[in-house]
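Chains as they are written, first to last, in full-length UniProt numbering: chain A, 1 to 408; chain B, 1 to 408. Backbone N, C-alpha and C fix where the C-beta goes; we use that ideal spot for every residue, glycine too.
There are 2 protein chains.
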Amino acid sequence: MPSGKILVAQGGGPTAVINQSLVGVVLESRRFQHVTRVYGALHGVRGIVNEEFVDLTQETSHNLELVAATPSSALGSTRDKPDIAYCQQIFEVLRAHEIEHFFYIGGNDSSDTVRIVSEEAHKAGYPLRCIHIPKTIDNDLVGSDHTPGFPSAARFVAQAFAGANLDNAALPGVYVGVVMGRHAGFLTAASALGKKFPDDGPHLIYLPERVFVLDKFLADVKATYEKYGRCVIAVSEGIHDASGEPIASLLAKQVGSEVERDAHGNVQLSGTGALADLLCDEIKAKLGIKRVRGDTFGYLQRSFIGCVSDVDQREAREVGEKAVQFAMWGDRDGSVAIKRTGFYSVDYELLPLTEVAGKTRTMEDEFISASGTDVTDAFRLYLRPLLGSGMPDAFRLRAAKVAKVLKP
Amino acid sequence: MPSGKILVAQGGGPTAVINQSLVGVVLESRRFQHVTRVYGALHGVRGIVNEEFVDLTQETSHNLELVAATPSSALGSTRDKPDIAYCQQIFEVLRAHEIEHFFYIGGNDSSDTVRIVSEEAHKAGYPLRCIHIPKTIDNDLVGSDHTPGFPSAARFVAQAFAGANLDNAALPGVYVGVVMGRHAGFLTAASALGKKFPDDGPHLIYLPERVFVLDKFLADVKATYEKYGRCVIAVSEGIHDASGEPIASLLAKQVGSEVERDAHGNVQLSGTGALADLLCDEIKAKLGIKRVRGDTFGYLQRSFIGCVSDVDQREAREVGEKAVQFAMWGDRDGSVAIKRTGFYSVDYELLPLTEVAGKTRTMEDEFISASGTDVTDAFRLYLRPLLGSGMPDAFRLRAAKVAKVLKP
């Protein structure tokens with residue numbers, strides 16, 4: 001006799017809307033009479049192997065709605081990237097608890113975990129339905145028009161640059177804003193949506209999809225500064241040279257310091273202001289510009305409370321709901337994907353896990369201008385509806401100049 | 001015969017609501033029939049000495065309202081700190097243009113400029129009414145309950161820490177957020193308003209009103225991390241040792257680097273991530289904690305578009321309006337001050353310029369806890385109404401734990 005038990009977990013970096021997907025799973029599951037329990041694993045796959053579950057069936061729908069509107073992962077998350085042995089442990093725990101449906105909300109690492117667990121269950125002849133629910137501010141999952149979490153982070157970045165541009169216009173100088181994104185430049189590119197007038201910043205955008213050449217960068221900044229008397233620059237934390245070495249580590253070596261690396265040998269890019277500071281130092285030293293300021297958006301861009309896209313909220317909720325529907329009415333495991341069906345509307349489909357797992361999408365060429373330092377109108381059209389309603393706007397004085405009296 | 005000419009200018013760092021004050025001056029002035037022109041100086045006092053004026057009388061009230069809702073200084077700003085000779089130049093330009101009323105929106109440096117210009121006019125027997133309109137995110141003007149611009153920046157900081165706390169709870173570690181404020185800790189202290197549950201961060205708050213001792217800091221972080229398994233820390237950029245030397249420059253010296261100084265010898269604190277990075281390095285090295293992340297809020301906290309307190313907007317508009325009313329119905333120069341008259345309501349008064357000019361308010365002792373690393377309830381009561389309506393809120397799951405099966 002089926003247990004009617006469901007398990008849901010959240011993995012990877014939190015987003016502003018990841019709890020919408022969680023609550024989508026919980027509330028939609030309750031509509032199915034044979035569902036007896038909806039468990040949540042604390043801190044993702046680590047919570048599963050440690051059997052740290054909470055019973056979400058004992059949550060009020062009222063509190064669930066409040067949690068849905070709260071950013072970051074309410075169940076907690078993990079940076080663990082399970083190998084085969086780890087996934088086998090996950091499967092053993094699921095079997096021991098008679099879990100029949102496993103929903104994992106996460107990015108491409110998480111989808112790969114779901115793929116392996118699904119295969120383990122199949123090999124063991126255990127009837128487990130496994131669904132990956134997409135989430136990442138990087139927007140780097142293949143097969144989806146975009147990923148839940150990205151629109152709200154993009155909105156933060158666009159609003160941040162709209163404000164930084166106004167600040168820079170009031171007190172002119174060079175401003176460098178460093179945005180998250182190791183391989184995909186979507187979030188950095190979102191800075192372009194903060195621009196309104198032709199002379200507004202960001203004037204220059206540097207993406208990991210293009211090779212970063214320091215001399216070219218300095219020439220770009222010089223030209224912009226000479227034209228506008230100021231320069232606002234958006235830089236992806238993942239910019240790298242032709243060999244793929246991150247600029248953060250290259251510049252650090254020049255000044256004799258070291259960057260932090262994780263267990264996989266990846267340079268730590270977030271949670272440090274080093275890249276912005278190093279780029280600012282180059283601009284001051286090589287271009288002789290006095291007022292050069294750098295900000296690293298860091299964790300603010302993914303966890304700021306009170307800057308969310310209503311479109312993103314709605315879609316994040318729907319991918320959770322659809323995951324349950326695909327699991328209950330369908331006959332296979334998979335990854336929920338968002339398809340754009342109109343300007344603007346979406347539908348959802350279930351992709352085979354192998355089509356998503358472990359793969360990385362980067363910005364398509366059609367989204368990047370020929371100069372390599374701006375986005376195209378195609379990108380603006382792509383992103384604008386995702387930012388949602390009520391985007392703040394910036395206006396300028398248009399008053400007439402007054403004739404000089406003392407020095408006419 | 002009087003010229004009926006008014007001049008308004010904006011100085012110092014931009015805020016989210018400084019254009020409300022500008023528009024308050026312009027629209028209120030239009031109600032007085034003898035006012036013939038309202039000029040705006042571009043880029044503060046620099047624009048005055050260069051005679052760079054725009055005629056705001058030729059602005060539509062519709063566009064003025066849109067500009068009022070736009071952050072940063074619509075007229076442009078300046079970091080110039082005028083000396084006597086500079087102020088004499090300002091006065092000569094005002095006289096040449098037959099300006100009868102001079103309104104300068106700015107912080108305590110700006111109020112000192114207004115004071116000197118007022119004295120020059122008096123000495124010359126020229127009938128000039130000079131009013132200083134308060135503005136600063138630092139909240140460091142004496143004589144006011146608080147200053148326009150501070151509440152919106154405080155709201156950003158509170159929301160940022162509310163989000164950073166949720167992120168840190170999902171992926172535990174140490175998080176250091178560095179907040180603006182060279183001498184006054186009000187803005188850093190606002191981080192406490194992002195806290196909801198007793199175990200929420202910020203767990204530790206370091207203010208420039210207290211001497212910063214690195215060993216004590218490390219001991220505090222260690223104790224918090226042992227208690228909660230994580231630690232969220234708010235640090236003012238202005239923290240300093242017992243001799244008054246900024247920690248930013250002390251730590252930089254230890255690693256053999258230099259910090260930037262301005263013409264006044266002040267260490268550059270904003271626009272660099274150095275302090276956060278140096279504190280994180282100390283925590284990693286001395287406490288052996290692996291996941292340590294630092295963000296420097298930088299310019300985001302004063303120029304982010306779309307995070308504003310409606311109370312701040314209203315009051316910033318009113319100080320502009322009241323400035324004109326004090327000028328037209330009163331008989332003396334001065335600085336507009338906000339007085340709290342209820343919980344919550346305010347009124348305005350005109351202080352003598354000498355009571356405000358060049359003075360710096362810091363956080364009162366009653367606002368800082370005995371530990372020196374937290375705020376008091378008195379501060380929470382002081383700040384909460386200023387943050388305005390619609391503050392985003394954070395909610396938690398309260399679900400019951402599930403019994404373990406494999407390792408009970």
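- For A:A219, there is no enclosing beta strand (DSSP E); the residue is found in the alpha helix (DSSP H) stretching over 214-228.
- The Cβ of B:T36 sits no closer than 8 Å to any Cβ of chain A.
- Assignment of A:K339 by DSSP, reduced to helix, strand and coil, places it in the strand class.
- No Cβ-Cβ contact shorter than 8 Å links B:L275 with B:V336.
- Neighbours of B:Y39 in chain A, taken as residues at a C-beta separation under 7 Å, are given in chain order as V402.
- Inclusion of A:A41 and A:A16 in the CB contact set at 8 Å is not warranted, their separation being larger than that value.
- CA-to-CA, the gap between B:A378 and B:H240 works out to about 25 Å.
- B:G306 and B:R398 have their C-alpha atoms roughly 32 Å apart.
- For B:V375, same chain residues with a beta-carbon under 8 Å away, outside a window of 5 residues either side, are A189, A192, I205, F367, I368, S369 in chain order.
- Within chain A, the residues A170 have their CB atoms less than 7 Å from the CB of B:S73, given in chain order.
- For A:Q88, same chain residues with a beta-carbon under 8 Å away, outside a window of 5 residues either side, are E120 in chain order.
- Taken in chain order, the complete alpha helix (DSSP H) segments of 4 residues or longer contained in the region 33-73 of chain B are 44-49, 61-68.
- Against chain A, the CB of B:N63 has a partner CB under 8 Å away; the residue lies at that interface.
- At a cut-off of 8 Å between C-beta atoms, A:Y86 does not count as an interface residue with respect to chain B.
- The beta-carbon of B:D312 is placed no less than 8 Å from the nearest beta-carbon of chain A.
- Along the region 94-123 of chain A, the positions whose C-beta sits under 7 Å from a C-beta of chain B are A96, H97, read in chain order.
- The Cβ atoms of B:T78 and B:V45 lie closer than 8 Å to each other.
- When the five nearest sequence neighbours on each side are left out, the beta carbons in the same chain lying within less than 6 Å of the beta carbon of A:P385 are those of Y344, in order along the chain.
- Pairing B:T147 with B:E209, the inter-Cα distance amounts to about 19 Å.
- Put simply, the CB of A:I6 is far from chain B, with every gap to its CB atoms at 8 Å or more.
- Contact check for A:L128 against A:A153 fails: the beta carbons are separated by 8 Å or more.
- Taking 8 Å as the cut-off, the beta carbon of A:F326 is found no closer than this to the beta carbon of A:L353.
- The beta carbons of B:V54 and A:V402 sit closer together than 8 Å.
- Put simply, of B:C280, B:E321, B:S3 the residue whose alpha carbon is nearest the alpha carbon of B:R293 is B:C280.
- With a cutoff of 8 Å on beta-carbon distance, B:T57 and B:S3 are scored as not near each other.
- Beta bridge pairing from DSSP links A:I105 with A:Q10, A:I133.
- Within 10 angstroms of the beta-carbon of A:A223 lie fewer than 16 other beta-carbons, which makes it exposed.
- DSSP places A:T296 in the uninterrupted beta strand (DSSP E) bounded by 292-296.
- One Cα belongs to A:L406, the other to B:Y86, and the distance between them is close to 15 Å.
- Those residues of the region 349-369 of chain A placed with their C-beta closer than 8 Å to a C-beta in chain B do not exist.
- Contacts with chain B at 8 Å (Cβ-Cβ) do not include A:T136.
- Rounded to the nearest whole angstrom, the CA to CA distance from B:N50 to B:G334 is 25 Å.
- For B:L387, not one C-beta of chain A is nearer than 8 Å to its own C-beta.
- Secondary structure of B:L275 (DSSP, three-state): helix.
- Comparing alpha carbon positions, the residue from B:I137, B:D80, B:A169, B:R95 closest to B:F304 is B:I137.
- In this structure, the alpha-carbon of B:K5 lies about 7 Å from that of B:H101.
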